[in-house]
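Worksheet: the structure to be examined is printed underneath.
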Amino acid sequence: MDVLIFNSWHWWTHRGSSQPWDYMQEGSKLYKDMDRLTAFYKGLTTWARWVDQNVDPSKTKVFFQNVSPTHYEGKDWNAPSRSCSGEDEPLSGSTYPACHLQQQI
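The opening position of the sequence shown corresponds to residue 1 in the working numbering, with each subsequent residue numbered one higher.
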């Protein structure tokens, strides 16, 4: 069984010299920049279409991870003096206690 893991979001938020692309192309249009959530949506739907057309699900497991949880500050899980080092259990609950995206696609 082959495994394809697609992890995205982190790079879509960068601007300036940290932006990982020079331009984006959609059809015959070139964009130097665009709204990050629009770009993320377009990139993700393009990727999903490629997976649907090129990956045989009987031979390949596909995993997708969207927004990775932050794990730098223990205050995010009510342990201000700790970090993620040594943590081996996921946070419970249906909501993520740290930062939230201000917009949704």
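Even for Gly, the Cβ is constructed at its ideal location relative to N, Cα and C.
In this text, all values refer to a predicted model and were calculated from it rather than measured experimentally.
Determine which residues share a DSSP beta bridge with residue i and list them.
i, result
"N7", "Q65"
"L30", "Q25"
"T60", "D2"
Rounded C-beta distance between residue i and residue j? I'm assuming under 8 Å.
i, j, result
"T45", "L4", "Not really, about 17 Å apart at Cβ, beyond 8 Å."
"A48", "W12", "With 8 Å as the limit, A48 and W12 do not qualify as a contact, their Cβ atoms being about 15 Å apart."
Within its chain, find whatever has a CB closer than 6 Å to the CB of residue i; leave out the 5 residues flanking it on each side and keep chain order.
i, result
"K32", "Y23"
"Q104", "The pLDDT assigned to Q104 is 46, lower than 50, so where the model puts this residue is not dependable, and the model offers no usable value."
So, for residue i: in the same chain, excluding its five sequence neighbours on each side, which residues have a beta-carbon less than 7 Å away from its beta-carbon?
i, result
"R36", "W12, T13"
"V62", "L4, V51, V55"
"F64", "F6"
"R15", "none"
"G74", "P80, S81, R82, S83"
Mind checking whether residue i and residue j have CB atoms under 8 Å apart?
i, j, result
"S8", "N78", "no"
Ordered along the chain, which non-local residues of its own chain (more than five positions away) have a Cβ less than 8 Å from that of residue i?
i, result
"D2", "K59, T60, K61"
"S17", "none"
Pair every Cβ in the segment 10 to 25 with every Cβ in the segment 74 to 87, then say whether three or more of these pairs are closer than 8 Å.
no
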